[in-house]
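Written below as structure tokens is the structure these notes are about.
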RNA sequence: GCCCAGGUGGCGGAAUUGGUAGACGCGUUGGUCUCAAACACCAAUGUCUUCACGGACGUGCCGGUUCGACUCCGGCCCUGGGUACCA
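Numbering (this note's numbering), first residue to last: -16 to 889.
This is the structure in structure tokens:
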């Protein structure tokens, strides 16, 4: 072999790893464990682009490094293979989602294999595999068969639920069903009549469907819900101990949205019942000038006076037509109507009007608020619009202020009867005590978090393993009958009345009750895509298990995931849902830990860089970027493969699309320069770079190192291949440490010099430290510096190179394997131990001090590392350069920081 | 609006605990090799100033703490991401 032939080398070693099963994970209780996991991908039809592997490369480096450090490493990969795109493709083409999914997975796997990842593919899981979703269904049944015990703050088996006495059998069943962690509810969903389906919130844009632009309405539908709200406190408090980015913790905190306040009852004049409101500011109770109910509030029809009825009904009609989006986003100006009824402020017996308005949400708190326009922006806007009185009750700095604007902060109480002068925070406590004593209120906690709507009217998802019976209500499919396998259907579209496509599989739907064998019907809804990803990290620990979702001992051995790497877009949903399931499973003693992912890192998104050509309006002529201002132009996306460094390949462009064959060009300096913009990498923007192209040209090792070299892992960055040559050159330079110009191995057994040992051991030390803190870009720099130094020293000594091959192996594993073999080492470098650095080689006898005068660096002076401070000070002050800068003055102070710096202050 | 992250040469970025700002790579310029080009290699490369030695300035802006600030504190500006009438 004469030169660094990456193509041959990479193929050879991938085959070697595969055949010898080098990365098969074995249970080895003698070694410390390390579980490093990527968020597994949805296998889309588009295949991998260069952004996908960023996190995978990072975890692979960590996995390989940890293995070399003596850890037993679990580093698996799988596919989140249920999902909407495969189903929509099926609707369009009739091809079974299972088939397209299989094709896509195979493509993904091939692309991943080419990059040389050290996954144990024997542990691969696919969420759409019946052997896998059997356990997803099993977990669902655990949720169905559990309730949340508020005393113990944990889930317990439903059989332990204390049932109030004196209930009929029917009432008893109802009571139990209402306590389950998986329960049914009639809730309002996004219903699109034209598409005949329910849409997720993300699929509704501006009140119409994202696809097709059909109108979407709210429609109440029976749904299965998961009681995630029961876990709100534990999900919130559990964040404290996790080694997660602060931003993700904050997102989850905000999503859960715990707030402390009070519930207060306001009696209604001439009406039996009162209104209960939730407020975080009970201290502002003297500032309440009106009440507002959500339009959907149950009291609205009861308290509306005859006089106001027509107005109210009209308003209700109007708001019910609005989508959520219109209610919140578009229409910021407040609307509302008076009900004609009055409430009584329990603290001062004031009569205050009750209004309804859609700025109050039925789904939060009690669906009713006490309006304090002096202390709340929304109430203020409403009061201004409808000319309601405004009373200021909290003053920022003790003095009475003008009613110009809202003051929502804390301060001194004013206009609050005997409480004037008290601090508002103090008064909060006082007023809650008083309300409690008088029996008209109490301290209360509220959450933004809602229960999780767990059903989809879709085909390509896990069937919900429940059976609707005539006599016994909803019953679970017996465990030994799991999995409930998806039936074959002819048509993947939902039914006209909003049922899942499964409803059409009559033979499958009609079944018998597991209780008494009477005719019964299967639940036809399927689970959302989040379900499978809620627990896949558990299955990796024991993927073949037929008896359990995973063996408890194995879970104990591997849990928790030590390092979890994935995109920040999963900050709340996936990570919150998975934590919720994990906690339930922990309560039921199925998993040993309370939290699934100890350390979490978000890799930044790699964006694409799109190219544009500028078509002059109404012509087929394109003008070069810098001349475009002289014409009226429309920019069009140009496939980035047609450009090189923003210069358009005109011939290729003409051949690209039929209507461009006779395109004309206005050039600058003889070239057509394209415009560019950084955008999300996507097919439609023609800016997708596939790793395959890079691998063919430079090899997987170069791609791996280059992606790491781009910058910090957590940081987003646009993809650019500027600089990839530098990384490629570096690998070739590394290769050339072992070879001469003729390609012959020149490694010698000579003893290394102190200098050679120093740079090598510095490198070993820094690489170890930097991998630990996931600073992988600086690892690449360090390896470059080391290679440059050794090249300059003409060092080809085996002692040195052997260590470095192991150090570079996590980054460029194929190259390392090849060189390892050339050194005569065996078996695989992937099984070699990471070298220990020797502190002795790093020691210096002297250090060159930067010497500054008044903080400005003026000279460098070399002193022994053990030289006493006084001697350094003396030597510095006596030196000519410093004398010059001091200019005859007496130095006020001389600071000597040993091994760091000297600073003379005059 | 609120929350989070970030702002350092022509570019990507480095500086881990407050201690030589700009490591490493790209790009650019000059050179060697070559008939020539590509590749490769060598050298220079923050800005301003100076024939040169050197000097001044310099990490978004303003101010502070410190012998010393990219790093800490206060205020402001800008960019990216998340979220949105949550009482």
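Where is the CB? At the ideal position from N, CA and C, for every residue including glycine.
Quick one: using the 10 Å Cβ neighbour count with 16 as the cut-off for buried, is residue 461 buried or exposed?
In the first chain, the residue the question calls residue 461 occupies position 478. With fewer than 16 other Cβ atoms inside 10 Å of its own Cβ, residue 461 counts as exposed.
Taking the alpha-carbon of residue 17 as reference, which of 23, 53, -2 and 632 has the nearest alpha-carbon?
Stepping through the first chain from its first residue, residue 17 is reached at position 34. Answer by Cα proximity: 53.
Is residue 621 closer than 8 Å to residue 610 when the C-beta atoms are compared?
For this step, residue 610 is matched to residue 627 along the first chain. For this step, residue 621 is matched to residue 638 along the first chain. It is not a contact, given that the beta carbons lie outside the stated cut-off.
Thinking just about the alpha-carbon of each residue, which of 705, 484 and 682 is nearest to the one in residue 445?
One-based indexing of the first chain puts residue 445 at position 462. Closest by alpha carbon: 484.
Is residue 372 buried or exposed, if buried means 16 or more other CB atoms sit within 10 Å of its CB?
Stepping through the first chain from its first residue, residue 372 is reached at position 389. Result: exposed.
Extract the residue ranges of the alpha helix (DSSP H) inside the segment 807 to 884, only unbroken runs of 4 or more that lie entirely within it.
Annotation: the segment 807 to 884 contains the following complete segments of the alpha helix (DSSP H) (minimum length 4 residues), in chain order: 822 to 825, 852 to 861 and 863 to 869.
I want to know whether the segment 863 to 880 touches the segment 815 to 824 - three or more CB-CB distances under 8 Å.
No: the two stretches stay apart, fewer than three of their Cβ pairs being nearer than 8 Å.
Kindly indicate the opening and closing residues of the beta strand (DSSP E) around residue 805.
Looking up residue 805 in the first chain gives position 822. According to the DSSP assignment, residue 805 belongs to no beta strand (DSSP E) but to the alpha helix (DSSP H) extending over 796 to 805.
To the nearest angstrom, report how far apart residue 764 and residue 695 are at their CA atoms.
As a first step, residue 764 must be located in the first chain, where it is residue number 781. As a first step, residue 695 must be located in the first chain, where it is residue number 712. Taking the straight line joining both Cα atoms gives about 12 Å.
Considering only residues of the same chain and omitting the five flanking positions on each side of residue 84, which have a CB-CB separation below 7 Å?
On the first chain, residue 84 is found 101 positions in, with the first residue counted as 1. Within the same chain, residue 84 has close Cβ partners 26, 64, 69 and 111.
Quick one: measure Cβ to Cβ for residue 807 and residue -7, integer angstroms, because I've assumed they're closer than 8 Å.
By one-based count along the first chain, residue 807 stands at place 824. By one-based count along the first chain, residue -7 stands at place 10. Wrong, their Cβ atoms sit about 21 Å apart, outside the cutoff.
DSSP state of residue 118 mapped onto helix, strand, coil:
Here the question's residue 118 lines up with position 135 in the first chain. Residue 118: helix per DSSP, three-state reduction.
Tell me where the alpha helix (DSSP H) around residue 60 begins and ends.
Along the first chain, one-based indexing puts residue 60 at 77. Under the DSSP assignment, residue 60 falls outside any alpha helix (DSSP H); it carries neither an H nor an E label.
Could you tell me whether the segment 541 to 560 touches the segment -1 to 6, where touching means 3 or more Cβ pairs closer than 8 Å?
Between the segment 541 to 560 and the segment -1 to 6 there are fewer than three C-beta pairs closer than 8 Å, too few to call the two in contact.
Cβ pair residue 428, residue 407 closer than 8 Å:
By 1-based counting over the first chain, the position of residue 428 is 445. By 1-based counting over the first chain, the position of residue 407 is 424. Taking 8 Å as the cut-off, the Cβ atoms of residue 428 and residue 407 do not count as close.
Residue of 50, 21, 92 and 114 minimising C-alpha distance to residue 528
Position 545 of the first chain holds residue 528. Of the listed residues, the one whose Cα sits closest to residue 528 is 114.
Boundaries of the beta strand (DSSP E) in which residue 595 is found, first to last residue:
Locating residue 595 in the first chain gives position 612, counting from the first residue. From DSSP, the beta strand (DSSP E) with residue 595 extends over 589 to 599.
So, are the CB atoms of residue 425 and residue 418 less than 8 Å apart?
Locating residue 425 in the first chain gives position 442, counting from the first residue. Locating residue 418 in the first chain gives position 435, counting from the first residue. Yes, they are a contact pair.
When DSSP builds the beta bridges, which residues end up paired with residue 405?
One-based indexing of the first chain puts residue 405 at position 422. The partner list for residue 405 (beta bridge, DSSP) is empty, contrary to what the question assumes.
Report all residues from its chain with a CB closer than 7 Å to the CB of residue 521; omit the five preceding and five following residues, and keep chain order.
In the first chain, residue 521 corresponds to position 538, counting from 1. 532, 533, 538 and 574, listed in sequence order.
Grab me the residues of residue 73's own chain with a C-beta within less than 8 Å of its C-beta, minus the 5 sequence neighbours each way, in chain order.
Sequence index remark: in the first chain, residue 73 carries index 90 (1-based). These residues qualify, in order along the chain: 79, 80, 83, 442, 443 and 475.
In the DSSP output, which residue or residues are listed as bridge partners for residue 659?
Numbered from its first residue, the first chain carries residue 659 at position 676. Answer is 594.
Residue 886 burial status per 10 Å Cβ neighbour count (16 or more: buried)
By 1-based counting over the first chain, the position of residue 886 is 903. The residue is buried, with at least 16 neighbouring Cβ atoms inside 10 Å.
Assigned secondary structure, residue 636 (DSSP; H/G/I helix, E/B strand, else coil)
Looking up residue 636 in the first chain gives position 653. In the structure shown, residue 636 falls within a helical segment according to DSSP collapsed to helix, strand and coil.
Going by alpha carbons, who is nearest to residue 353 out of 448, 288, 421 and 251?
By 1-based counting over the first chain, the position of residue 353 is 370. If we check each option's Cα against that of residue 353, 251 comes out closest.
Name, in chain order, the residues that DSSP records as bridge partners for residue 338.
Taking the first residue of the first chain as position 1, residue 338 is located at position 355. 275 and 321.
What would DSSP say about residue 463, mapped onto helix, strand or coil?
Reading the first chain from its first residue, position 480 is the one you call residue 463. Reduced to three states, the DSSP call for residue 463 is helix.
I'd like to check one pair, residue 31 with residue 674: are the Cβ atoms closer than 8 Å?
For the purposes of this step, residue 674 is identified with residue 691 of the first chain, where counting begins at 1. For the purposes of this step, residue 31 is identified with residue 48 of the first chain, where counting begins at 1. Cβ distance < 8 Å, so residue 674 and residue 31 count as in contact.
Does the distance from the CB of residue 170 to the CB of residue 436 come in under 8 Å?
The residue given as residue 170 occupies position 187 in the first chain. The residue given as residue 436 occupies position 453 in the first chain. Yes.
Round the Cβ separation of residue 743 and residue 766 to the nearest angstrom and send it over; I've been treating them as touching at under 8 Å.
To locate residue 743, count along the first chain from 1; it is residue 760. To locate residue 766, count along the first chain from 1; it is residue 783. Under the criterion of beta carbons closer than 8 Å, residue 743 and residue 766 do not qualify as touching, at roughly 11 Å.
Per the contact definition of three or more C-beta pairs closer than 8 Å, is the segment 725 to 745 in contact with the segment 829 to 837?
No: fewer than three Cβ pairs fall under 8 Å.
Tell me, to the nearest whole angstrom, how far the beta carbon of residue 789 is from that of residue 739; I am working on the premise that it is less than 8 Å.
Indexing the first chain from 1 puts residue 789 at position 806. Indexing the first chain from 1 puts residue 739 at position 756. Rounded, the Cβ-Cβ distance is 16 Å, inconsistent with contact.
Taking its Cβ as the centre, do 16 or more other Cβ atoms sit within 10 Å of residue 506, making it buried, or is it exposed?
Residue mapping note: residue 506 aligns to position 523 of the first chain, counting from 1. Buried, by the Cβ-count rule.
Status (buried if at least 16 other CB within 10 Å, exposed otherwise) for residue 542
Here the question's residue 542 lines up with position 559 in the first chain. With 16 or more other Cβ atoms within 10 Å, it is buried.
Exposure of residue 76, with buried meaning 16 or more beta-carbon neighbours within 10 Å:
Taking the first chain and counting its residues from 1, one reaches residue 76 at position 93. Within a 10 Å sphere around the beta-carbon of residue 76 sit fewer than 16 other beta-carbons, which makes this residue exposed.
Could you check whether residue 273 and residue 399 sit closer than 8 Å to each other, using their CB atoms as the reference points?
By 1-based counting over the first chain, the position of residue 399 is 416. By 1-based counting over the first chain, the position of residue 273 is 290. A distance of 8 Å or more separates the beta carbons of residue 399 and residue 273.
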